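Undergrad: Please find one structure pasted underneath; my questions will follow.
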Amino acid sequence: MMKMKVLLVLFLMATLLSNGEANAVNLENKDKEISSKIVTWETPDWKEKNNSFSVWIREKGKKVWKGLYVYNVKNGEQKEQDVPTDAAMVNVDFTGTVEFKVTYNIGEINDYEIRPSAYGIDARKTGGNTLIFSLTQNGKAPLKPTIMVNGSWSEGNLHILSNTPENNAPLQDAANVYVVNPGDPIPLYLPAGKNTYYFTPGEHELPKGMWVELDLEDTIQLEKFDLVQLPTNSQWFAKGPQRFIIEAKEKAGDPYVQIYDGYENKTEGTVTDILSNVKARFVKLVLLGNTGSSNYVMTSIASEFRLYKKGDDSTNIAKGKAVRGAFPGYLNVVDGNESTSYISSTGYGNWHAGEAFYISQSGTTVYLAPGSVVKGSISADDQSNIAIRGRGIMYGGDLLRPRNYAEGRSGAIWITKGTNSSLEGITLIDYPMWSVVMNFTDQTSIKNINFFGSMVNADGIHLSGSKNASVSGVFIRTTDDNFVIYHYGETSNITVKDSIFWADNARPILLGLGNTPGASIDKVNFENIYILNQRGVWDLNKYNGAIQIWATGGNKISNIAFKNIHIDEFEAPEDSMLFQIKTDEMAAGISPGSVSNISFNDITYHGKLPRKSLIYGVDEIHNVRGILFKNFKINDTLLSVKNMEQYIDFKGHYGDIKFK
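Going by UniProt numbering, the first residue of the sequence shown is number 1, and it counts up by one from there.
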């Protein structure tokens, strides 16, 4: 009974810390402080350190401060993506009430703002360039405030990304754990009895390439190989001669040795060459992108791989000998049939093969320990029960990033198809493409992860064609869209809550776009969302809105709910909108769709008025119907029938618009 009373008291204390508005917290309520626990960790002193800020943390009421490592993160604008700007970021775990001390090393703090404004953080300035303030974890999602100094939207920004301490970290000495220390070779697949990669503190670089491994069942003197490539342009994502290497070994326990370098291959069609003095039982083909002239230089695909032994150049000894590969479909490359190819069921597995590390086994966990920095890109196609978690960082700043490569660049984590996969706790920095893609999945969970991106196409999360997904406690600041569901497949039962979105040059929330038939978007719920910025770019009437719902391809978007959405003043209100709901064509050949049953409940915006929002239905069939605005406030003015045209442009065919 005593234990229950203590728990009840703690619950009531946490509840009283709320100021009564959804998920907003009174962080300076000194009579209701909660005992705290702080977890910090050592971090490698690497190139992405930010010296503009110094940050310390301590338990409330204690004297000793702990210094935090300040990372440098990139942000920017789409039109200026080649010259990104810098901001600062710290990671820390804590519970209860703690104090932060932040010193701006560049100079005097003349003014500052702490977002989300709904947090209600009241800082005390001391010494001209230092702020001290308290934070109390509110029990819903870890707090992730941003300090903006002297009106800056970039270099004067400090992102404090907190989490609660881990309670389920794997043990390094557990039987199922494969420990990877900095500099260790990283196996493409885990040995028998292991299901967890454990990346220890320090820097790691993931291996790259779409691979297939063959067991010839005996040691054989090899003499020649054929690599049958598809005709150039036969697949939209693979438009050139393949980059590849061939590796071999005699015994299972031996390391692989490269026996052929085809990285600079310029030959189209079938590549045939001699293998000199090679004895092997095990052979591995690794595809590493292509040498074509398109922007999809990291994509790979091959039809057939053949091997011949010395003295017999007519018998393909590779046929049927594949034992494992990067993703299902690897058997096709040694099936003796040139009409099949090594391709994933969605094509996503081939998209960025040249820079991807493939999780090739269902049930695999990738754990990034606090203080780890893992460089590279992860892909898992048609695998289930994949978990990527921890407190470490994934870094994409070394990946290919020229502007003209656009969607040919690589993201951070692409898990396509499969069920019951999850991401938790990590931070993704400076990826040049869609950071997290979990399209065509079921029962997906994304929790308490952080994103920073500074380029066109550097989106946050994509969940297109997925079902039964949950997103919570995420922080996303990117130059492009934050959260996206395209019309790529039927999407339903998605929940996004307790998260912070910041789109420097795009849309925090985008639902729609695409021309795939039968790709409706239904039952998507957003709750307790903080939008810190939004700014349109290129065509301000077309690509705009903190929330954009854009039904195309003859598809329906329906039953979408927004509840407790807090929108802070935009950096450039003249370039921004609160929302767009429309059904018009995105481009020639992409037909309109329809929108129905959209609800906005408890929405607030404070600041200079942005451009008018938009509701636009193309015709009677492709219309917008059933929009509910309940307690939608703009600078404390309730949106209503009387004032709606002051804030919203209504065009075309729409109906059943209600205000409460």
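C-beta atoms are modelled at their ideal positions from N, C-alpha and C, and glycine is treated no differently.
Given the structure is predicted, the values throughout are model-derived calculations rather than measurements.
(1) How about Tyr-69 and Lys-47: are their beta carbons less than 9 angstroms apart?
(2) Measuring only the C-alpha atoms, how far is Ile-549 from Asn-525?
(3) How is Asn-457 classed by DSSP in three states: helix, strand or coil?
(4) Please report how far the alpha carbon of Ser-466 lies from the alpha carbon of Ser-492, in whole angstroms.
(5) Leaving aside the five residues before and after Val-90 along the sequence, list all residues of the same chain whose C-beta is less than 6 angstroms from its C-beta, in chain order.
(6) Let me make sure I understand the geometry here. Which of Arg-403, Ser-379, Met-455 has the alpha-carbon closest to that of Gly-418?
(7) When the Cα atoms are used, what is the spatial distance from Asp-522 to Gly-512?
(8) How big is the Cα-Cα spacing for Pro-185 and Val-286?
(9) So, Phe-225 versus Asp-273, is the Cβ gap smaller than 9 angstroms?
(10) Only counting the same chain, and skipping five residues up and downstream in sequence, which positions put a Cβ closer than 7 angstroms to that of Asp-31?
(11) Could you name the residues that DSSP lists as bridge partners for Ile-509?
(12) Report back the beta-carbon spacing between Tyr-330 and Ala-318 to the nearest angstrom; my notes put them in contact at under 8 angstroms.
(13) Rounded to the nearest angstrom, what separates Phe-244 and Leu-288 at their Cα positions?
(14) One question on the structure: do residue 723 and Gly-392 come within less than 9 angstroms of each other, judged by their Cβ atoms?
(15) How is Lys-79 classed by DSSP in three states: helix, strand or coil?
(16) To the nearest angstrom, report how far apart Lys-642 and Leu-628 are at their CA atoms.
(17) Return yes when the Cβ of Asn-157 is within less than 9 angstroms of the Cβ of Val-92, no when it is not.
(18) With a 10 Å radius around its C-beta and 16 neighbouring C-beta atoms as the bar for buried, classify Thr-637 as buried or exposed.
(19) Which one of Lys-37, Val-177, Phe-282, Ala-87 has the shortest CA to CA distance from Gln-258?
(20) Closer than 7 angstroms by C-beta to Gln-443: which residues in its own chain qualify, once you throw out the five before and the five after it? Chain order, please.
(21) Taking C-beta to C-beta, are Phe-579 and Phe-600 nearer than 9 angstroms?
(22) In angstroms, rounded to a whole number, what distance separates the CA positions of Ile-557 and Ile-598?
(23) Report the option in Pro-402, Gln-242, Leu-307 whose CA atom is closest to the CA atom of Ala-353.
(24) Sort out for me which residues DSSP pairs Val-212 with in a bridge.
(25) Quick check on the DSSP output: the beta strand (DSSP E) that includes Gly-626 runs from which residue to which?
(26) How many Å lie between Thr-130 and Ile-615 at the Cα?
(27) First and last residue of the beta strand (DSSP E) that includes Gly-652?
(28) Taking the continuous beta strand (DSSP E) assigned at Gly-349, which residues delimit it?
(29) Just the Cα atoms here: how many angstroms apart are residue 672 and Ser-300?
TA: Per the coordinate set shown:
(1) no
(2) 13 angstroms
(3) coil
(4) 7 angstroms
(5) Val-55, Leu-68, Val-70, Ile-160
(6) Ser-379
(7) 11 angstroms
(8) 16 angstroms
(9) yes
(10) Reliability of the predicted coordinates at Asp-31 is poor, the pLDDT of 39 falling under 50, and the value obtained from them is presented with this limitation in mind. Result list for Asp-31: empty, nothing under 7 angstroms.
(11) Phe-483, Ile-547
(12) About 12 angstroms separates the two Cβ atoms, so there is no contact after all.
(13) 5 angstroms
(14) No statement about residue 723 is possible, as the shown extent of the chain runs from 1 to 660 and does not include it.
(15) helix
(16) 15 angstroms
(17) no
(18) exposed
(19) Phe-282
(20) Thr-419, Asn-420, Asn-468
(21) yes
(22) 9 angstroms
(23) Gln-242
(24) Leu-285, Gly-325
(25) 624-634
(26) 46 angstroms
(27) 648-652
(28) Run containing Gly-349: none in the beta strand (DSSP E); it sits in the alpha helix (DSSP H), 348-351.
(29) Any question about residue 672 goes unanswered here, given that the chain covers just 1 to 660.
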